[in-house]
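See structure below.
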Amino acid sequence: MAGLLFARAGVSVRVLEKHADFFRDFRGDTVHPSTMEILSQLGMLERFLERPHDRVTQAQIRIAGRDYTIGDLSHLDTPAPFIAMMPQWEFLDFLRDEAEAFPGFALDMEAEVTGLLEESGRINGVRLADGREMRAGKLVLMTDGRASLVRRLGLLPLTQLGAPMDVLWFRLEKADNAGDALRGAVGTSRMAVLIDRRTYWQVAFLIPKDAADEVKARGLDWLRGEMQALFPELDLSGGLTSEADLHLLSVALDRLDSWHRPGLLAIGDAAHAMSPIGGIGINLAIQDAVAAANILAGPIARGENPDPLLPKVQKRREFPTRVIQAGQKLAQDNVIGTVLSGTPITGAPRILRLLDRFPGLRRIPGRIIGLGVRRERVRSPKA
Ligand SMILES: Cc1cc2nc3c(=O)[nH]c(=O)nc-3n(C[C@H](O)[C@H](O)[C@H](O)COP(=O)(O)OP(=O)(O)OC[C@H]3O[C@@H](n4cnc5c(N)ncnc54)[C@H](O)[C@@H]3O)c2cc1C
1 MAGLLFARAG VSVRVLEKHA DFFRDFRGDT VHPSTMEILS QLGMLERFLE
51 RPHDRVTQAQ IRIAGRDYTI GDLSHLDTPA PFIAMMPQWE FLDFLRDEAE
101 AFPGFALDME AEVTGLLEES GRINGVRLAD GREMRAGKLV LMTDGRASLV
151 RRLGLLPLTQ LGAPMDVLWF RLEKADNAGD ALRGAVGTSR MAVLIDRRTY
201 WQVAFLIPKD AADEVKARGL DWLRGEMQAL FPELDLSGGL TSEADLHLLS
251 VALDRLDSWH RPGLLAIGDA AHAMSPIGGI GINLAIQDAV AAANILAGPI
301 ARGENPDPLL PKVQKRREFP TRVIQAGQKL AQDNVIGTVL SGTPITGAPR
351 ILRLLDRFPG LRRIPGRIIG LGVRRERVRS PKA
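For the sequence shown, position 264 matches number 264 in our numbering, and the numbering has no gaps at all.
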């Protein structure tokens, strides 16, 4: 998205992606109304919605066998008042196709960045795994996620907020077409989300942090039994034949103290790794891209040095990041940590019972999840 917006403003952009394609599970399928608002402002929403997706307007969770509706997005005053469940590779393919319409945009696949070039204290390019060096005229934008090179090189200091869980990510066969895009369930010591991918269930099964080996040692039948206990109405007997089908997704919650240094800016998970709670991470990364382009694209297109403006991007985006991470930490510590520690779950917390009982109240979490905090508008120029 950042590449698209800078190219749209007339800046020459080269996006470097280490993989050969986007076809893998990047963690997360939830495109929120805030992101679709941006696509609408860019005149791309209709084409986006032509891609395969499912629509979710309500957030529901099952606790101790009873379903609670805890969020409602259908009343939001926005062009797409729902969550579009679209696999992330589909969304990234879409963004690439749209970005390629701008002459300044270039995408290099299988181009892994392994080092940064520096001259007189300013980052001015990158080194690739194949030994090539590339100079950046004005800025190196780090959008390389939670394992960002800036973190591995210790270039920018990091504050850890911690996470009590990891996720086992696997597929289960669908016995029939029953499904409604997204289901979450919580029971004593167990918690999972099922994402309907039409021909199969994508499962996110929560486990205590660093407990993957211990959980895997209990075997696949144990895991299938846990899933069946959470979702007794579904036939989950098919699939999952080998331990190799279980993928560990490590959950992190952290943020850089400073997102920039001369010649370099980090945004998205590179600047602030997000927990899966609320399915907000992708959408927050998109908002960062919009803010970065709003502040930097015009000046860079005019040939100005962006360095004095880099703190402005952090200032603009740090507040929503802090608010959302505080909410995620609260849920991690009070709900997920409690469940995974084995505390018996006999019912839902009071707040969830209230949301379920009063439909009007559900619009509040619906608004926070759907539109986020400090919504960005596309203000960067179109060349
Ligand atoms: C288990 C789990 C589930 C989640 N579920 C959701 C969800 O449902 N909805 C949601 O909104 N968020 C979810 N999140 C959070 C979400 O995954 C992230 O917040 C979001 O993907 C961040 O986007 P990004 O573009 O900053 O980084 P990423 O999506 O991590 O993208 C980084 C890109 O950089 C590439 N790259 C990395 N290093 C290099 C390099 N050295 N050279 C070249 N390329 C490189 C990677 O291949 C990748 O394409 C989840 C997180 C976890 C852990």
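Idealized CB from N, CA, C, for every residue including glycine.
Between the CA atoms of residue j and residue i - distance to the nearest angstrom
{"i": "Q202", "j": "S237", "result": "14 Å"}
{"i": "R132", "j": "S34", "result": "38 Å"}
{"i": "A80", "j": "M36", "result": "6 Å"}
{"i": "P208", "j": "S380", "result": "43 Å"}
{"i": "P232", "j": "F205", "result": "16 Å"}
{"i": "P349", "j": "A229", "result": "21 Å"}
{"i": "V290", "j": "G225", "result": "44 Å"}
{"i": "L249", "j": "V167", "result": "5 Å"}
{"i": "I70", "j": "A326", "result": "19 Å"}
{"i": "L182", "j": "G28", "result": "12 Å"}
{"i": "Q332", "j": "P164", "result": "7 Å"}
{"i": "L153", "j": "E110", "result": "21 Å"}
{"i": "F358", "j": "G278", "result": "20 Å"}
{"i": "V378", "j": "G298", "result": "12 Å"}
{"i": "M44", "j": "M85", "result": "17 Å"}
{"i": "Y200", "j": "D235", "result": "12 Å"}
{"i": "I351", "j": "D67", "result": "14 Å"}
Status (buried if at least 16 other CB within 10 Å, exposed otherwise) for residue i
{"i": "H272", "result": "buried"}
{"i": "S148", "result": "buried"}
{"i": "A285", "result": "buried"}
{"i": "Q314", "result": "buried"}
{"i": "K32", "result": "It should be pointed out that residue 32 corresponds to His in this sequence rather than to Lys. Classification of H32: buried, given that the 10 Å Cβ count is 16 or more."}
{"i": "N283", "result": "buried"}
{"i": "A2", "result": "buried"}
{"i": "Q160", "result": "exposed"}
{"i": "T30", "result": "buried"}
{"i": "E46", "result": "exposed"}
{"i": "I364", "result": "exposed"}
{"i": "F48", "result": "buried"}
{"i": "S120", "result": "exposed"}
{"i": "H19", "result": "exposed"}
{"i": "G281", "result": "buried"}
{"i": "K382", "result": "exposed"}
{"i": "A9", "result": "buried"}
{"i": "F170", "result": "buried"}
{"i": "R151", "result": "buried"}
{"i": "G370", "result": "buried"}
Distance cut-off 6 Å: residue i Cβ against heavy atoms of ligand 1
{"i": "M274", "result": "yes"}
{"i": "V167", "result": "yes"}
{"i": "H19", "result": "yes"}
{"i": "V13", "result": "no"}
{"i": "T426", "result": "No answer is possible for residue 426: it lies beyond the span of the chain, which begins at 1 and ends at 383."}
{"i": "E133", "result": "no"}
{"i": "V251", "result": "yes"}
{"i": "I282", "result": "yes"}
{"i": "L16", "result": "yes"}
{"i": "A285", "result": "yes"}
{"i": "G71", "result": "no"}
{"i": "V373", "result": "no"}
{"i": "D67", "result": "no"}
{"i": "T343", "result": "no"}
{"i": "V150", "result": "no"}
{"i": "D257", "result": "no"}
Integer Cβ distance of residue i from residue j, believed to fall under 8 Å
{"i": "V373", "j": "P320", "result": "4 Å"}
{"i": "R197", "j": "D108", "result": "Wrong, their Cβ atoms sit about 29 Å apart, outside the cutoff."}
{"i": "A292", "j": "I267", "result": "6 Å"}
CB contact check: residue i to chain C, cutoff 7 Å
{"i": "G131", "result": "Reference to chain C is not applicable here, since this structure consists of a single protein chain."}
Original post:
Does the count of Cβ pairs from the region 117 to 135 and the region 74 to 92 closer than 8 Å reach three?
Top reply: no
Original post:
Are the region 91 to 106 and the region 55 to 73 touching by the rule of at least three beta carbon pairs closer than 8 Å?
Top reply: no
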